[in-house]
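Okay, structure first, notes after.
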């Protein structure tokens, strides 16, 4: 696999409005978001609405499990009731089996919320990777360093077998990001990890969009090599500041227009996305490695009046944990990647634990269809490194790095990420300790539907791409 | 766990003398005058071996001035030999060692005459300049995949050119002084001499291949020239496991590679290790991890891969052999490394838990009877930025 393929970065993740009304011109309008100016603002539209519907589901009672609830608690011999696609009850006392419900005996097994991967390229850097992808991959729009106008969902190959592998690893929600070649790489999309024939049918209803930004080596080498801007780190920062200045001006004109002043500005797909960030509707995800790069970006965000929701990769987050605390920014990290590029030279395995110990948000991520099958193992490795460094980290805490914390990063913690009553029934029953290399996801539920069952071939969906292979019988 | 034939001895006393294993006996008293390490309740294994890395040949993967695993210009094809580039001061070696890795095969990835990549070496990971364990441990080649364009445009061209190279090498005689190379040969004199020496020495042929058809071609070629065969990657090797076993071919596989990532790997599956081992194929591990694990995390990744193989059906004892005695045999160092047999190099690790759990770590590491430091550049950064320094008023640069 080419190194360039490994250096992908994501950009956006902001709230999407639900389906909007249509006017005579066929434009959809959504009266959502803080703008208040309402349905005339182009960045409030939802032109590609989610068509997701939960798969057929059955009320389920899981009994006798060791439960890590994602909200920091651990329960032994606990029972969990899923009804109408929601978490209804979690208790160490007996829960009567509702009529018509299925009971799963989970004695000796572990239960967690569905795993959330906030940095995946499943679908936009899809298997099979071909010689044509090597020339022009769908993961980055390589023609310009500033492409907030592109949307990752328009690259998604829903038949990428990586989705199924991730599902078998307990992943129920993914954010798919554009790559990291560009300063502003485009919008992300948040998906429910269900098999589907269109990307709209996977889109997490109401999930905020995100935007993928990249600092450091990737943009400056990608474009500097071509003799183009940016060719330096200072060029990277100048490019980002200029983009936000233009977007702020665009946003002002639109706000004036809807307030009855001036003529209607021209629509601009690039500036729409950045205006959505300035409105607080769209979240920001920054591919950055070095502490000095990240500290600079914190200042850029203050200057331009937006929030950095997460630094992704962030291998030097451990050098500046207090900045993550002060800016309410999450460090989205690996357990042990280092050394493959200069800005990753200082990666250490205690990164997650040290940032966590300072009180900042930590999330594990994959950026890889292989690692994306083992995010709980990632959390376990990071936990173990922290313990070896003398920190006391409980499993019920470390599980938040792959459940509730990533839900917060995506702005979806009211819907998923923990096993609290009323939340979506996104649940994994594990064969054992989820941090162990030997453990498998036995059953995976999304909105209460059993989307994967390790013991039942009929609940092991395969993508179209994998049909027709000569026998895989052993 | 002695590494040999799945041997497990409880409450063992392991005696190391003069850098080699002396004895491993249950409940034996320590010899008089020996330094004693109490490992009660803990697992001890031989030092582990990763069967495919670029250790000693890379520092920062994206910086060409720190990469030595590819010959990108000049006449070197099969003659490219990585041994002259090995860097015993590489910062990656202490990291691997602190993860329990004491040996590693290190391989070339490209030469000027594909499909041959050149010759690899075996490292012993120990402080000091004596890093090279075995030079010219195997001749590497790569077929199929996304590199066909650079390699003759067709898999057939690749195999025909490799066969031609061996045919030329077989009849090659080193030139008398003043005489040039034979005329009308495809291989230049450097490469044909290297291949000739390879055939004479029966050096293993290590073929990076994923598709079943290429693996079968590799078996046929190695068979024709009576060369030991190592299949690297081998996503579809399970489809011809019996053939590989019959020809005593080995497979170095990545247990994490379960996706149909390219058209060569459509048969990739999670339980390849178990299927191959059940058929009697000698297996060893190398884990790519997006190429990042390959060298930079060569120790922890090999253990994690072995653990995943166990989770998918490989017996535990065989997984441990795939990290020790199997790669030792495959790469020709089993006469001095690979198990706790008397007289073998005392590479040894005392673990704080199950060695196949990546969350586990060594407490004690010995290489050739000498206890190794577990300090790495990463542990120095860890100590410099540990949370207890949060209130320090002097910058971290003033700390060790």
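Protein chains in written order, with the numbering used here: chain A, 5 to 478; chain B, 10 to 409.
All residues carry an ideal CB built from backbone N, CA and C; glycine is no exception.
* Any C-beta of chain B sitting closer than 8 Å to the C-beta of residue 135(A)? -> For residue 135(A), the answer is yes, since a Cβ of chain B falls inside 8 Å of its Cβ.
* **8 Å Cβ cutoff, residue 276(B) in contact with chain A** => True, the Cβ-Cβ gap to chain A drops below 8 Å.
* Asked: Should residue 129(B) be labelled buried (16 or more other beta-carbon atoms within 10 Å of its own) or exposed?
  -> Residue 129(B) comes out buried.
* **Where residue 137(B) sits in the DSSP three-state scheme** => It is coil, neither helix nor strand.
* Whole-angstrom distance between residue 51(A) and residue 28(A), CA atom to CA atom -> Only weak support is given to the placement of residue 28(A): the predicted model assigns it a pLDDT of 35, under 50, and the question is left unresolved by the model.
* Is there a Cβ from chain B that is less than 8 Å from the Cβ of residue 315(A)? -> Residue contact with chain B for residue 315(A): absent (no Cβ-Cβ distance below 8 Å to any residue of chain B).
* On a CA-only basis, which of 106(B), 176(B), 197(B) and 194(B) is nearest residue 209(B)? Give me that one, please. => Out of 106(B), 176(B), 197(B) and 194(B), 176(B) has the C-alpha closest to the C-alpha of residue 209(B).
* Asked: Buried or exposed: residue 396(B), going by 16 or more other Cβ atoms within 10 Å of its Cβ?
  -> Buried: at least 16 other Cβ atoms inside 10 Å.
* Asked: What did DSSP end up calling residue 59(B) once you bin it into helix, strand or coil?
  -> Per DSSP, reduced to three states, the secondary structure at residue 59(B) is strand.
* Asked: Can you find a C-beta in chain A that's less than 8 Å from the C-beta of residue 149(B)?
  -> At a cut-off of 8 Å between C-beta atoms, residue 149(B) does not count as an interface residue with respect to chain A.
* To do: Please classify residue 367(B): does DSSP put it in a helix, a strand, or coil?
  => Looking at residue 367(B) - three-state DSSP - the assignment turns out to be coil, as it is neither helix nor strand.
* Asked: So, is the C-beta of residue 309(B) closer than 8 Å to a C-beta in chain A?
  -> Taking 8 Å as the CB threshold, residue 309(B) lines the interface with chain A.
* Distance, Cα to Cα, residue 35(A) vs residue 285(A)? -> Note that residue 35(A) scores 37 on pLDDT, short of 50, meaning its location in the model is unreliable and no value can be drawn from it.
* Does the segment 283-300 of chain A come within contact of the segment 259-275 of chain A, defined as at least 3 CB pairs closer than 8 Å? -> They do not touch, by the three-pair rule.
* Could you name the residues of the segment 320-351 of chain A whose beta carbon sits closer than 7 Å to any beta carbon of chain B, in the order they occur along the chain? => Of all residues in the segment 320-351 of chain A, 322, 323, 340, 341, 342, 343, 344, 345, 346, 349 and 350 have a Cβ within less than 7 Å of some Cβ in chain B.
* **Status (buried if at least 16 other CB within 10 Å, exposed otherwise) for residue 289(B)** => Burial check for residue 289(B): the Cβ neighbour count within 10 Å stays below 16, so the residue is exposed.
* Do residue 216(B) and residue 340(A) have their C-beta atoms closer together than 8 Å? -> The beta carbons of residue 216(B) and residue 340(A) sit no closer together than 8 Å.
* Which word fits residue 62(B), buried or exposed, when buried means at least 16 other C-beta atoms lie within 10 angstroms of its C-beta? -> Buried, since its Cβ has 16 or more Cβ neighbours within 10 Å.
* For my contact list, residue 345(A) and residue 293(B) are in at a C-beta cut-off of 8 Å; report their separation, rounded to the angstrom. => That pair is no contact at about 28 Å.
* Asked: Who does residue 456(A) pair with in a DSSP beta bridge?
  -> Its beta-bridge partners are 448(A).
* Asked: Got a sec, what are the start and stop residues for the alpha helix (DSSP H) residue 354(A) sits in?
  -> Looking at the DSSP string, residue 354(A) is not in any alpha helix (DSSP H), and its letter there is neither H nor E.
* Close Cβ partners of residue 30(A) (< 7 Å) along its chain, the five nearest in sequence each way excluded -> Here residue 30(A) scores only 33 on pLDDT, less than 50, and its place in the model should not be relied on; the value that follows carries that caveat. Same-chain partners within the cutoff: there are none.
* Spatial neighbours of residue 242(A) within its chain, please: CB distance less than 8 Å, with the 5 preceding and 5 following residues excluded, ordered by chain position. => Cβ neighbours of residue 242(A) beyond the five flanking positions: 234.
* Asked: How big is the Cα-Cα spacing for residue 183(A) and residue 124(A)?
  -> About 10 Å.
* To do: Find the residues of chain A that neighbour residue 387(B), judging by a C-beta separation of less than 8 Å, and give them in chain order.
  => Taking a Cβ-Cβ threshold of 8 Å, the residues of chain A close to residue 387(B) are 342, 351, 352 and 353, in chain order.
* According to the neighbour-count rule (16 or more other Cβ atoms, all chains shown, within 10 Å of its Cβ), is residue 127(A) buried or exposed? -> Residue environment: residue 127(A) is assigned as buried (16 or more neighbouring CB atoms within 10 Å of its CB, all protein chains considered).
* To do: Please say whether residue 314(A) and residue 336(A) have beta carbons closer to each other than 8 Å?
  => In this structure, residue 314(A) lies closer than 8 Å to residue 336(A) by Cβ.
* **Segment contact, 8 Å Cβ cut-off, at least three pairs: the segment 52-60 of chain A with the segment 397-406 of chain A** => In this structure the segment 52-60 of chain A does not touch the segment 397-406 of chain A; the number of beta carbon pairs closer than 8 Å is below three.
* If you drop the 5 nearest sequence neighbours on each side, which residues of the same chain put their C-beta closer than 8 Å to that of residue 85(B)? -> Excluding five sequence positions before and after residue 85(B), the CB atoms of its chain that fall closer than 8 Å to its own CB belong to 120, 121, 122, 127, 199 and 200, given in chain order.
* Would you say residue 319(B) faces chain A, with C-beta separation under 8 Å as the test? -> Using beta-carbon distances, residue 319(B) counts as an interface residue toward chain A, with a partner under 8 Å.
* Asked: Excluding sequence positions up to five away, which residues of its chain have a Cβ less than 7 Å from the Cβ of residue 95(A)?
  -> Residues of the same chain with a CB within less than 7 Å of the CB of residue 95(A), apart from the 5 flanking positions on each side, are 82 and 83 in chain order.
* To do: Using 10 angstroms around the beta-carbon of residue 139(A), count the other beta-carbons present and answer buried if the total reaches 16, otherwise exposed.
  => Residue 139(A) is exposed by the Cβ-count criterion.
* Are the beta-carbon atoms of residue 28(B) and residue 273(B) separated by less than 8 Å? -> Note that the C-beta distance between residue 28(B) and residue 273(B) is not below 8 Å.
* In terms of DSSP beta bridges, what is residue 324(B) paired with? -> Residue 324(B) pairs with nothing; no bridge assigned.
* Given residue 422(A), which residues of its chain have a CB within under 6 Å of its CB, disregarding the five upstream and five downstream residues? -> These residues qualify, in order along the chain: 73, 74, 75, 117 and 408.
* To do: Using a threshold of 8 Å, state whether the C-beta atoms of residue 183(B) and residue 149(B) are closer than that.
  => If you check the CB distance, residue 183(B) and residue 149(B) do not come in under 8 Å.
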